[in-house]
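Peer 1: Attaching a single structure in structure tokens format; questions to follow.
There are 2 protein chains.
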Amino acid sequence: MAFENERSIHPVILCGGSGTRLWPASRESFPKQFIPLAEPERSSFQATAARLGDPAVLARPTVVTANDARFLVAEQLAQGGIEADILLEPCRRDSAPAVAVAALHAAARDPQALVLILPADHAVGDDAAFVAAVRAAGAGARAGHVMTLGITPTNPSTAYGYIQPGAPLAGAAGEGGACAVARFLEKPDAARAAALIADGALWNGGYFLFRADVMLDELEAHAPAVLAAARDALEGATRDLDFVRLDAEAFARAPQISIDYAVMERTERAGVLPVRFPWSDIGTWGALWEVSDRDGDGNAVRGRVALRDTRDSLVHSSGGILTTVVGLEGVVVVTTEDAVLVTGRTAGAEVKGLVEDLRRRGEPEADAHRLMYRPWGSYRRIDIGGRFQVKRITVKPGGRLSLQKHHHRAEHWVVVRGTAEVTVDGVVRLVHENEAAYLPIGCVHRLANPGKIPLELIEVQVGSYTGEDDIIRIDDVYGR
Amino acid sequence: MAFENERSIHPVILCGGSGTRLWPASRESFPKQFIPLAEPERSSFQATAARLGDPAVLARPTVVTANDARFLVAEQLAQGGIEADILLEPCRRDSAPAVAVAALHAAARDPQALVLILPADHAVGDDAAFVAAVRAAGAGARAGHVMTLGITPTNPSTAYGYIQPGAPLAGAAGEGGACAVARFLEKPDAARAAALIADGALWNGGYFLFRADVMLDELEAHAPAVLAAARDALEGATRDLDFVRLDAEAFARAPQISIDYAVMERTERAGVLPVRFPWSDIGTWGALWEVSDRDGDGNAVRGRVALRDTRDSLVHSSGGILTTVVGLEGVVVVTTEDAVLVTGRTAGAEVKGLVEDLRRRGEPEADAHRLMYRPWGSYRRIDIGGRFQVKRITVKPGGRLSLQKHHHRAEHWVVVRGTAEVTVDGVVRLVHENEAAYLPIGCVHRLANPGKIPLELIEVQVGSYTGEDDIIRIDDVYGR
């Protein structure tokens, strides 16, 4: 019976953040939860999904994500061999509408289903302890509480909200057991944080565990507009390939509000389970340094890096750029192929302000990466000049670009790996490695990879305008 | 008569340095004297050559440079509209052999010619004051002294050698006039530097002015091996296009020694003229910050840079990479398309040690730039993969690459600007913008620009090996 109950915990991964404080690695077009940061080979989203992999405890997960990130989510789940329902948010509305949709989605199968809400962008140092905590918190949730996990603080951080525990919940074990929540507290200053910790307060990590029917009651009581919009968005949802696409017009009606403000700070049923596993929200580069493996000089490095007389620093280089630091302490240096950030470990939160500056200046690197993911694969601009642009295009086996034409550019394709199926004005032919195809201005063309290995080709565009918006799509297998 | 004498000052620009302390902008393949650093549009070599542009005072200059830098020197002189003799050193031998060659070269035309030796990599804030100082020092040189310019110190720098002036030279004006040199002093520590300055010592800026016959006598007396090697190297020199190429075997016999050690510290005839024009050797990034224009926060920026809450820093970005700094003070950040340096303004000299580290690790960026200059133009690698490489090639009007073939790669050329003349196995054809040419493995081919505007093309190399050493040259108009 216990197993039956535990099996019905439905994890819902919230994947909608943009992570601008981890710019330039994290950007709107490829936010931090999808980047290998705390681990070299796996994103925090992949680590989060894998953490839920015990089918004795947790049901098939649901991922709630932005429409633009849908192929990224599908790709990263496939890499980890994980199956999930993917709910697409047509626009950003903070966490309360997402939680409402998740509760409705679970209630449709089982009104008393337990739902676990968890962020996609946190690092957890002990997966087994995490799952054990979820199991332990499940008892409170089944009894009708909206449970949170309260992280035991390791320092008087000013980066987190705090939770003041109240009386033990009925039936909970004594020391370290679940309690009612006395108060939720905003991010404090350092002195206040120390006082809160001395008083037994915990960090609010953003994990919530509840019965679907309980959350729906609470939303009805405290945020009825959120619930109504979520209900309409789910009822109007359409299935699109492997995705459930929420109704855009209905979802847009939802107030933009966090679940903390909408429900947790208002409900009488909030409970908290103190937990002690190693944890970070990787909110800043400094926070990432804290959880990273470091060498004998206290440096956390990634990629092509050379340091001299440098200590306690985080230096990440991607895109092959050789990144060097001489004679500094406590700095953060992050290099990508088109942007560089240099800051102090403790100045990390200011990066968000920098990204806002960059947006105001209209710098494309504020939000877009040079490597762009598409359902069929990816492309990267490798050169641009007055009347030309060069891209390296990678097409997955079976991938097909849209049937398209351009008004202002001709294209030369040189296959450097694999085999391309090239359609030009209705004529289909195979183009092999070291062969080229020419696509005159205005021709209707399509590129596909009919083979078993990735196709790579160099595309040289020549013309008076080479922008992405000179693509006239005639047909697309991905419904774009 | 005065004009006749002044006309015979022969400036000799020493251009052989490698400037590793200004890595990654400055590298062996493109050292600092050729880069726009103190000025945004002009290299210090170009500024130095232009400083000598008063034909009433100075004769046609001679440039002494490394063989590898010869096309760069010719190109930068042509950009400035300056004509010069270019002497090529077959290997590095420090400054004494270069001065000996320069003295011999001048003496061949006029044994009593005045020769001015000057470094190519210094910043001078007042060209007229510089020329006036050279004229003033000329009197001492004509009277048989080996004159130096002694820079009046502005701070107790430990980066320069010092000169202690002695008795006024016969015929020199009193206060501020030319003196004999009492002593040359090595780079001091800060306390000693302050004491030296209080005692009237001057910085040794590396400028020397002498009669050719006097310098030859001094070399004969103090460094006969240097003089003998220089004489043989000049006698065995060959003219190659616009260059005088010193005999390699003879020049290599010269001891590697600076003119300071070889002659200045030993001669009885050293004189010094105190000068006060703004001056820097731009020896480190910190020194460049000192002489750069700075904004209200004390920052010297160049290229695509965004700063937030940052002061007293130097941030240079090239290659289009957006470079950002948040919440730091007194840092140096230099970004190029393939390498990044982050250091403190005062840690600049340690950069040399970093570059040595990088060489030991075999990092190509230690010495080579991605943009490579060739006599016919330049090329830049824009992408590389397992069995391919992509370059953007620029050919000057009239430029011709060598007639060549490759054993391991085929090449696809797509012209994106201008017109190419392509020779493949003896067949010549013109390839225009938006047209392509294919060069199968093993074909004998040549690329040339027969037009009036630069030719730009994208080259996609496909094959099992794409290194620069798989070029078999059959014919080359540049004698390579």
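For the protein sequence lines, the chains are A and B, in the order given.
Going by full-length UniProt numbering, the first residue of the first sequence is number 1, and it counts up by one from there.
Going by full-length UniProt numbering, the first residue of the second sequence is number 1, and it counts up by one from there.
Each residue gets a CB set at the ideal place from its N, CA and C atoms; glycine is no exception.
All values derive from a computational prediction rather than experimental measurement.
1) Report the residue from A/Thr343, A/Thr336, A/Ile321 whose alpha carbon sits nearest the alpha carbon of B/Gly330.
2) What are the uninterrupted segments assigned as beta strand (DSSP E) that are 3 or more residues long and contained completely in the region 229 to 259 of chain B, given in chain order?
3) Candidates A/Ala66, A/His122, A/Leu219, A/Ala25: which alpha carbon is nearest A/Ala48's?
4) Tell me, please, whether the region 222 to 242 of chain A touches the region 95 to 108 of chain A by the rule of three or more beta-carbon pairs shorter than 8 Å.
5) Closest to B/Leu37 by C-alpha separation, out of B/Arg304, B/Ile282, B/Val460, B/Thr419, would be which residue?
6) Out of B/His406, B/Arg142, B/Val115, B/Val460, state which residue places its alpha-carbon closest to the alpha-carbon of B/Asp469.
7) Run through the DSSP bridge pairs and tell me what B/Tyr162 is partnered with.
8) Report all residues from its chain with a CB closer than 6 Å to the CB of A/Ala300; omit the five preceding and five following residues, and keep chain order.
9) Let's see if you can read the secondary structure: which residues bound the alpha helix (DSSP H) around A/Arg387?
10) With a threshold of 8 Å between beta-carbons, can B/Leu371 be considered close to chain A, or not?
11) For a quick check, are the C-beta atoms of A/Asp85 and A/Ser8 less than 8 Å apart?
12) In chain B, what lies closer than 7 Å to A/Asp357 by C-beta?
13) Taking C-beta pairs closer than 7 Å, name the residues in chain A that B/Phe388 reaches, listed in chain order.
14) What first and last residue would you give for the beta strand (DSSP E) that runs through A/Met147?
15) Below 8 Å on C-beta distance, what does B/Glu28 contact in chain A?
16) Residues in the region 324 to 342 of chain A with C-beta within 7 Å of chain B's C-beta atoms, listed in sequence order?
17) Buried or exposed for A/Ser464, going by 16 or more other Cβ atoms inside 10 Å?
18) Can you look up B/Gly348 in the DSSP assignment and give me helix, strand or coil?
19) Output needed for A/Val355: all residues of its chain with C-beta closer than 6 Å, excluding positions within five of it in sequence on either side, in chain order.
20) Quick check on this structure: which residue in B/Glu75, B/Ala128, B/Glu89, B/Leu87 has the alpha carbon closest to the alpha carbon of B/Gly53?
21) Whole angstroms are fine: how far does the CA of B/Val351 sit from the CA of B/Gly286?
22) Return yes when the Cβ of B/Leu209 is within less than 8 Å of the Cβ of B/Leu116, no when it is not.
23) Which class does B/Thr419 belong to by DSSP, given the choice of helix, strand or coil?
24) Which of the residues in the region 55 to 79 of chain A, read from start to end, lie with their CB under 9 Å from any CB of chain B?
25) I need the DSSP call for A/Leu22, collapsed to helix, strand or coil.
26) Thinking C-beta only, is A/Ile259 closer than 8 Å to A/Asn204?
27) Could you check whether the region 445 to 461 of chain A touches the region 396 to 405 of chain A, counting it as contact only if at least three pairs of C-beta atoms, one from each stretch, sit closer than 8 Å?
28) A/Gly16: buried (16+ other C-beta within 10 angstroms of its C-beta) or exposed?
29) Per the DSSP calculation, A/Lys391 is bridged to which residue(s)?
30) Mind listing which residues of the region 450 to 475 of chain A have their C-beta closer than 7 Å to chain B's C-betas, in chain order?
31) Once DSSP output is grouped into helix, strand and coil, what is the label at A/Glu329?
32) Output needed for B/Leu88: all residues of its chain with C-beta closer than 7 Å, excluding positions within five of it in sequence on either side, in chain order.
33) Closer than 8 Å, Cβ to Cβ, to anything on chain B: give me those residues from the region 282 to 301 of chain A, in chain order.
34) Mind checking residue 500 of chain B: buried by the 16 CB within 10 Å criterion, or exposed?
35) Within 10 Å of its beta-carbon, does B/Val428 have 16 or more other beta-carbons around it, so buried, or fewer, so exposed?
36) Who does B/Trp279 pair with in a DSSP beta bridge?
Peer 2: So, from the data block:
1) A/Thr343
2) Counting whole runs of 3 or more residues, the region 229 to 259 of chain B contains the beta strand (DSSP E) stretches 238 to 240, 243 to 245.
3) Per the sequence shown, residue 48 of chain A should be read as Thr rather than Ala. Here the closest residue by C-alpha is A/His122.
4) For the pair of segments examined, the region 222 to 242 of chain A was found to touch the region 95 to 108 of chain A: the number of CB pairs separated by less than 8 Å reaches three.
5) B/Ile282
6) Closest by alpha carbon: B/His406.
7) In the DSSP assignment, the residues bridged to B/Tyr162 are B/Leu185, B/Trp203.
8) Trp289, Ser292, Arg294, Leu314
9) Unbroken run through A/Arg387: none, as it is neither H nor E.
10) no
11) No, the Cβ-Cβ distance between A/Asp85 and A/Ser8 is not below 8 Å.
12) Ala306, Arg308
13) Val416
14) 146 to 151 is the span of the beta strand (DSSP E), which, as asked, contains A/Met147.
15) Near B/Glu28 there are no residues of chain A at all, since even the closest Cβ is about 15 Å away, more than 8 Å.
16) Thr324, Val325, Val326, Gly327, Leu328, Val331, Val333, Thr335, Asp338, Ala339, Val340, Leu341, Val342
17) exposed
18) helix
19) In the same chain as A/Val355, and ignoring 5 residues on each side of it, the C-beta atoms closer than 6 Å to its own belong to Thr20, Trp23, Ala366, in chain order.
20) The residue with the shortest Cα to Cα distance from B/Gly53 is B/Ala128.
21) 11 Å
22) Yes; because the gap between Cβ atoms is below 8 Å, this pair is in contact.
23) coil
24) Look at the region 55 to 79 of chain A: it has no residue with a C-beta under 9 Å from a C-beta of chain B.
25) Taken through DSSP and simplified to helix, strand or coil, A/Leu22 comes out as helix.
26) no
27) As far as the Cβ criterion goes, the region 445 to 461 of chain A touches the region 396 to 405 of chain A, which means the pair count is three or higher.
28) buried
29) A/Arg381, A/Glu459
30) Glu456, Ile458, Val460, Val462
31) strand
32) Thr65, Asn67, Arg70, Phe243, Val244, Arg245, Leu246
33) none
34) The first residue shown for chain B is 1 and the last is 480, placing residue 500 of chain B beyond what the model contains.
35) Per the 10 Å Cβ criterion, exposed.
36) B/Val124
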